[in-house]
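Asks:
There are 2 protein chains.
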Amino acid sequence: MFDSTIDVDAARLLADLKRLREFGAFKTGVHRPTYSEADIAARRWLRDRMVEAGLDATIDGIGNVFGRSRTPGPCLLSGSHLESQNEAGWLDGAMGVIYGLEAARSLGGGVDVVAWADEEGHYGSFLGSRSYIGELSETGLDAGRNKYDSTPLRDALRRCGLEGVPRVRFEPGRYTGYLEAHIEQADDLEARGLKLGVVTSIVGIRQFRIRFEGTQNHAGTTRMAIRRDAGVAAVRLAGAIHDTFPRVVAARSVWTIGRLAFEPGAPSIIPGAAEMIVQFRDADDAVLDRMEGTLLDLVEQARRGPCDVRCDALSRSRPSLMAEPFQDALEAACEAVAPGLHQRMPSGAGHDAQIVARVMPSGMLFVPSIGGVSHHWSENTADEDIVLGCRAFARGAKDILGQAG
Amino acid sequence: MFDSTIDVDAARLLADLKRLREFGAFKTGVHRPTYSEADIAARRWLRDRMVEAGLDATIDGIGNVFGRSRTPGPCLLSGSHLESQNEAGWLDGAMGVIYGLEAARSLGGGVDVVAWADEEGHYGSFLGSRSYIGELSETGLDAGRNKYDSTPLRDALRRCGLEGVPRVRFEPGRYTGYLEAHIEQADDLEARGLKLGVVTSIVGIRQFRIRFEGTQNHAGTTRMAIRRDAGVAAVRLAGAIHDTFPRVVAARSVWTIGRLAFEPGAPSIIPGAAEMIVQFRDADDAVLDRMEGTLLDLVEQARRGPCDVRCDALSRSRPSLMAEPFQDALEAACEAVAPGLHQRMPSGAGHDAQIVARVMPSGMLFVPSIGGVSHHWSENTADEDIVLGCRAFARGAKDILGQAG
Chain A
138 MFDSTIDVDA
148 ARLLADLKRL
158 REFGAFKTGV
168 HRPTYSEADI
178 AARRWLRDRM
188 VEAGLDATID
198 GIGNVFGRSR
208 TPGPCLLSGS
218 HLESQNEAGW
228 LDGAMGVIYG
238 LEAARSLGGG
248 VDVVAWADEE
258 GHYGSFLGSR
268 SYIGELSETG
278 LDAGRNKYDS
288 TPLRDALRRC
298 GLEGVPRVRF
308 EPGRYTGYLE
318 AHIEQADDLE
328 ARGLKLGVVT
338 SIVGIRQFRI
348 RFEGTQNHAG
358 TTRMAIRRDA
368 GVAAVRLAGA
378 IHDTFPRVVA
388 ARSVWTIGRL
398 AFEPGAPSII
408 PGAAEMIVQF
418 RDADDAVLDR
428 MEGTLLDLVE
438 QARRGPCDVR
448 CDALSRSRPS
458 LMAEPFQDAL
468 EAACEAVAPG
478 LHQRMPSGAG
488 HDAQIVARVM
498 PSGMLFVPSI
508 GGVSHHWSEN
518 TADEDIVLGC
528 RAFARGAKDI
538 LGQAG
Chain B
138 MFDSTIDVDA
148 ARLLADLKRL
158 REFGAFKTGV
168 HRPTYSEADI
178 AARRWLRDRM
188 VEAGLDATID
198 GIGNVFGRSR
208 TPGPCLLSGS
218 HLESQNEAGW
228 LDGAMGVIYG
238 LEAARSLGGG
248 VDVVAWADEE
258 GHYGSFLGSR
268 SYIGELSETG
278 LDAGRNKYDS
288 TPLRDALRRC
298 GLEGVPRVRF
308 EPGRYTGYLE
318 AHIEQADDLE
328 ARGLKLGVVT
338 SIVGIRQFRI
348 RFEGTQNHAG
358 TTRMAIRRDA
368 GVAAVRLAGA
378 IHDTFPRVVA
388 ARSVWTIGRL
398 AFEPGAPSII
408 PGAAEMIVQF
418 RDADDAVLDR
428 MEGTLLDLVE
438 QARRGPCDVR
448 CDALSRSRPS
458 LMAEPFQDAL
468 EAACEAVAPG
478 LHQRMPSGAG
488 HDAQIVARVM
498 PSGMLFVPSI
508 GGVSHHWSEN
518 TADEDIVLGC
528 RAFARGAKDI
538 LGQAG
């Protein structure tokens with residue numbers, strides 16, 4: 138059996154992460170939106186670290202930072218994203234990037250390192266990894282806008298000096314696969330007293346907008362019998378979803394009505410319209426199909442009520458399976474560094490790995506999030522867990538590369 | 138038996154109403170907010186008509202237009218409000234004022250006419266009638282603000298030249314009672330093929346704000362079992378209200394959840410808070426008590442769920458009973474002018490009569506609203522129904538005055 142013994146430099150790993158936290162520091166977290174000054178400064182800093190590590194480093198035309206190994210033979214691509222949500226955590230994305238860099242440094246070759254741009258969606262959706270796999274056209278660049286202030290993506294790239302810079306594209310044949318580490322962003326590992334999670338799949342997400350149109354009227358003079366109250370219709374459907382979904386879902390399915398609003402929303406006016414967004418996630422397309430079928434059945438039943446109902450599918454992303462051999466290799470590495478303290482688990486959040494998995498085998502490793510907190514500046518993971526995770530990650534990377542070589 | 142035969146001048150009645158429609162004309166309705174130029178012009182025009190009718194007329198310090206009969210003996214006070222909702226109907230309020238004027242002209246004495254200010258609540262709540270019965274203090278005037286642009290009530294009164302003008306107050310002993318006519322603002326008369334409604338009571342309104350506090354979290358990574366979803370809690374309570382209220386209410390009770398909103402209201406975020414306003418109306422305090430008890434029971438049940446629940450009573454207005462002898466007199470008048478085409482009925486909307494009823498016996502008469510529409514510029518009533526209503530109104534007024542005299 139291939140000997141995957143390896144160790145990482147824990148002090149260097151933590152020092153790099155803490156240095157990265159200074160770019161856009163916000164309380165104990167960071168405020169580092171895509172293409173902000175802090176984000177670009179962090180990318181330039183990372184490029185210099187890649188050069189130090191002996192990689193050929195570049196920042197491409199969408200902001201991806203690429204560090205290319207000079208070793209011949211099949212390579213592993215490894216990394217995550219570098220920007221943050223607004224006023225959010227220091228490890229979300231950054232940790233996976235530095236794990237990749239540390240794996241490249243520890244293995245001494247065969248690992249390309251990447252920091253994707255805009256996984257957090259300030260200007261689009263997975264801009265960097267989609268650009269890399271060829272799913273972001275020039276027209277797509279034209280259309281990109283900052284979701285808070287509507288700045289055109291083209292203007293942001295120009296301001297960062299990235300206008301006209303070539304975009305790095307996937308090279309078929311170079312890679313045995315992609316590995317990404319990330320904080321869990323949930324409390325499942327912590328609740329079970331575990332230290333590491335091997336991701337089996339990244340969930341698919343389906344999202345529907347359901348709009349009820351009734352008749353806006355006086356809440357005092359309109360008899361109950363003749364009302365067409367869009368709010369009542371929406372509440373009835375929402376209740377039916379929460380009643381019915383538990384009977385058709387799988388153990389880790391989640392569903393959320395994050396938005397529900399009445400129009401005009403005044404105490405003495407019967408709502409003339411009501412709108413809700415229903416979102417559900419699962420790692421299995423068959424389960425997503427069952428959930429969607431159930432939702433559409435409930436919408437059909439709602440049509441028998443007094444209000445008009447409109448149901449639009451806003452998005453349907455497919456679950457992304459992580460490669461079985463990568464799961465096996467990561468699991469063996471976890472068992473080596475933390476015997477019995479790991480599990481296989483799906484990812485309920487989206488990650489660049491779901492994009493990259495379209496062009497090469499991919500794997501993901503999770504470390505615990507303290508209290509399950511993420512997308513908030515108080516997000517954190519214990520230093521020892523960060524180091525432990527990197528040990529498992531580098532070991533798994535070495536195993537995968539060894540099997541390929 | 139007292140002979141209440143009387144007739145009104147139909148042409149004069151309709152001509153006055155159509156002239157009034159020119160003040161703030163908007164499509165086929167009017168836009169005549171309280172203390173707007175159109176409103177003040179309409180009040181001055183009305184004052185001149187009162188003088189022509191032989192009344193001592195004045196506009197008081199809150200904008201009420203008063204026309205005082207010079208005839209000795211007990212008087213009837215009669216009228217309604219003159220301002221409109223924004224871009225609303227031409228008859229809502231105005232019709233009741235001109236009925237009062239026409240009754241005064243037809244009876245030739247004993248009828249005082251009033252056009253109250255701000256029944257529609259642009260600056261407060263029933264400002265004119267509350268001022269009249271002594272329930273609007275100087276402090277209350279200080280606090281008044283326009284609900285759309287926050288203009289202080291004092292500034293609006295100054296701009297209209299009403300600053301420092303005395304406010305007319307109720308004179309105990311002068312009146313046998315108050316009579317008000319109004320459009321129905323609902324479709325009950327029309328649906329039953331009736332022409333006139335004798336109001337038995339004006340409903341009481343109770344209003345509660347219910348707020349759920351849960352835990353805002355990631356809609357992908359947070360397991361269903363540990364969620365504290367404030368939106369789910371709100372939807373469950375709203376559904377329970379709509380399920381349970383039909384079992385405790387009376388035939389004409391109404392209940393409305395006009396506002397329901399999730400915070401922060403994003404598709405991928407589990408709502409951390411949700412708030413709703415529950416309003417219910419009935420003409421019987423005992424029924425309102427049952428509804429409130431049921432609501433509070435359901436809120437208690439909701440407290441057993443994972444979210445914190447706060448329930449605040451925002452307002453409780455009591456049902457206002459119309460005087461039985463006035464109902465009898467109006468019913469006899471309806472039967473005389475429209476045999477079999479009238480009914481007794483509660484008013485689901487609020488009216489100045491509910492305020493004035495606190496100081497003197499009061500009665501109300503309804504005429505049909507075409508399609509039940511009100512608070513919209515397309516609100517209308519057939520001319521012949523307007524005339525018929527005024528005949529019944531004047532006849533009822535004469536009967537009541539005759540009984541008193």
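So the protein lines, in turn, are chains A and B. Here the first sequence stands for residues 138 to 542, where the numbers follow this note's numbering. Here the second sequence stands for residues 138 to 542, where the numbers follow this note's numbering. C-beta atoms are modelled at their ideal positions from N, C-alpha and C, and glycine is treated no differently. None of these values were measured; they are calculated from a predicted model.
1) Using the beta-carbon of each residue, which ones in chain B are nearer than 7 Å to A:Arg361?
2) Specify, as a first and last residue, the run of the beta strand (DSSP E) that A:Trp227 falls within.
3) Quick one: list the residues of chain A neighbouring B:Ala323, beta-carbon separation under 8 Å, in chain order.
4) Run the proximity test for B:Glu159: is its beta-carbon closer than 8 Å to any non-hydrogen atom belonging to the ligand GDP?
5) Excluding five sequence neighbours on each side, which residues of the same chain lie with their C-beta closer than 6 Å to the C-beta of B:Glu239?
6) Tell me which residues share the same chain as B:Phe139 and place their Cβ nearer than 7 Å to its Cβ, disregarding the 5 neighbours each side in the sequence.
7) Indicate whether B:Ile270 and B:Val493 have their beta-carbon atoms separated by less than 9 Å.
8) Using a C-beta cutoff of 9 Å, does A:Phe139 count as contacting chain B?
9) Which residues in chain B have a C-beta closer than 9 Å to the C-beta of A:His218? List them in chain order.
10) Of all the CB atoms in chain B, is at least one closer than 9 Å to the CB of A:Ser266?
11) With a threshold of 9 Å between beta-carbons, can B:Leu397 be considered close to chain A, or not?
12) In chain order, what residues of the same chain have a beta carbon less than 8 Å from the beta carbon of B:Val524, not counting five sequence neighbours either side?
13) If you pair each beta-carbon of the region 250-259 of chain A with each one of the region 211-226 of chain A, do three or more pairs fall below 8 Å?
14) Short of 7 Å Cβ to Cβ, which residues in the region 406-428 of chain B face chain A?
15) So B:Ile342 is in the beta strand (DSSP E); what residue range does that whole segment cover?
16) Is the number of C-beta pairs between the region 459-466 of chain B and the region 329-344 of chain A that are closer than 8 Å three or more?
17) Indicate whether at least one CB of chain D lies closer than 9 Å to the CB of A:Arg149.
18) Please report the distance separating the alpha-carbon of A:Pro170 from that of A:Pro404.
19) Here's the rule: buried if 16 or more other CB atoms are within 10 angstroms of the residue's CB, otherwise exposed. What is B:Leu432?
20) Hey, would you say A:Ile339 sits closer than 9 Å to A:Gly487, going by beta carbons?
21) Taking a cut of 8 Å between CB atoms, which residues from the region 507-522 of chain B lie near chain A?
22) Please report whether the beta-carbon of B:Leu451 lies at a distance below 9 Å from any beta-carbon of chain A.
23) So which residues of chain B does A:Arg440 contact, with C-beta pairs closer than 7 Å?
24) Under the three-state reduction of DSSP, which class applies to B:Ile177: helix, strand or coil?
25) Establish whether the CB of B:Arg329 and some CB of chain A are separated by less than 9 Å.
26) Would DSSP call B:Ser457 helix, strand or coil?
27) Taking DSSP as the reference, what is the three-state secondary structure of A:Gln416?
28) Quick one: give me the first and last residue of the beta strand (DSSP E) that B:His479 is part of.
29) Closer than 9 Å, CB to CB, is B:Gly526 near chain A or not?
30) From what residue to what residue does the beta strand (DSSP E) around A:Asp193 run?
31) Given a threshold of 16 other Cβ atoms within 10 Å of its Cβ, counted over all protein chains shown, does B:Glu516 qualify as buried or as exposed?
32) To be precise: take each residue of the region 373-384 of chain B, compare its Cβ to all Cβ atoms of chain A, and keep it if any distance is under 7 Å. Which residues remain?
33) List the residues of chain B whose Cβ lies closer than 9 Å to the Cβ of A:Gln344, in chain order.
34) Which residues in the same chain have their Cβ closer than 8 Å to the Cβ of B:Val472, if we skip the five residues on either side of it in sequence?
35) Show which residues of chain A have a CB atom less than 7 Å away from the CB atom of B:Val369.
Replies: With the structure as the only source:
1) One detail in the question is off: residue 361 of chain A reads as Met in this sequence, not Arg. The contact set of A:Met361 on chain B, defined by CB atoms closer than 7 Å, consists of Val391 in chain order.
2) Segment: none, A:Trp227 is in no beta strand (DSSP E) and carries neither H nor E.
3) Residues of chain A passing the Cβ test: His355, Thr358, Thr359 and Arg360.
4) Summarising the ligand content, the structure contains no ligands, and the ligand GDP is consequently not present.
5) Only Val145, Leu150 and Cys527 meet the Cβ criterion.
6) Reliability fails at B:Phe139, whose pLDDT of 49 lies under 50, so the model's placement of it is uncertain and the value that follows must be treated cautiously. Cβ within range, chain order: Asp536, Gly539 and Gln540.
7) For B:Ile270 and B:Val493, yes; Cβs fall inside 9 Å.
8) Residue confidence for A:Phe139 is low, a pLDDT of 49 falling below 50, so the modelled location carries little weight and cannot support an answer.
9) Chain B residues near A:His218: none, gap ~16 Å exceeds 9 Å.
10) No, because no Cβ of chain B sits closer than 9 Å to the Cβ of A:Ser266.
11) For B:Leu397, the nearest CB of chain A lies under 9 Å from its own CB, placing it at the interface with that chain.
12) Sequence-distant partners of B:Val524 (beyond 5 residues in either direction) whose C-beta falls short of 8 Å from its own C-beta, in its chain, are Val145, Ala147, Leu150 and Leu151.
13) By the Cβ rule, the region 250-259 of chain A counts as touching the region 211-226 of chain A, because three or more pairs are nearer than 8 Å.
14) Here the close residues are Ile406, Ile407, Pro408, Ile414, Gln416 and Arg418.
15) Here the beta strand (DSSP E) through B:Ile342 covers Gly341 to Glu350.
16) Using a Cβ-Cβ distance cut-off of 8 Å, the region 459-466 of chain B and the region 329-344 of chain A are not in contact, since fewer than three pairs of beta carbons, one from each stretch, lie closer than that value.
17) Of the protein chains in the structure, A and B, none is chain D.
18) About 39 Å.
19) Looking at its Cβ environment, which holds 16 or more other Cβ atoms inside 10 Å, B:Leu432 is buried.
20) A Cβ-Cβ contact shorter than 9 Å links A:Ile339 with A:Gly487.
21) Taking 8 Å as the upper bound on Cβ-Cβ separation, chain A lies near residues Gly509, Ser511 and His512 of the region 507-522 of chain B.
22) It does; some Cβ of chain A falls within 9 Å.
23) Result: empty, since nearest Cβ-Cβ is about 18 Å, beyond 7 Å.
24) Looking at B:Ile177 - three-state DSSP - the assignment turns out to be helix.
25) Among the CB atoms of chain A, none fall inside 9 Å of the CB of B:Arg329.
26) In the structure shown, B:Ser457 sits in a strand (DSSP, three-state: E or B).
27) Of the three classes helix, strand and coil, the one that applies to A:Gln416 here is strand, per DSSP.
28) B:His479 -> beta strand (DSSP E) spans His479 to Ser484.
29) Not closer than 9 Å to any Cβ of chain A, the Cβ of B:Gly526 fails to qualify, so no.
30) Unbroken beta strand (DSSP E) run through A:Asp193: Asp193 to Ile196.
31) Buried, because 16 or more other Cβ atoms sit within 10 Å of the Cβ of B:Glu516.
32) For the region 373-384 of chain B, the set of positions with a beta-carbon nearer than 7 Å to some beta-carbon of chain A reads Arg373, Ala375, Gly376 and His379 in chain order.
33) By Cβ distance, chain B contributes Pro404 and Ser405.
34) Sequence inspection shows Glu at residue 472 of chain B; the Val mentioned does not correspond to that position. Within the same chain, B:Glu472 has close Cβ partners His479.
35) Near B:Val369 (Cβ distances below 7 Å), the residues of chain A are His379.
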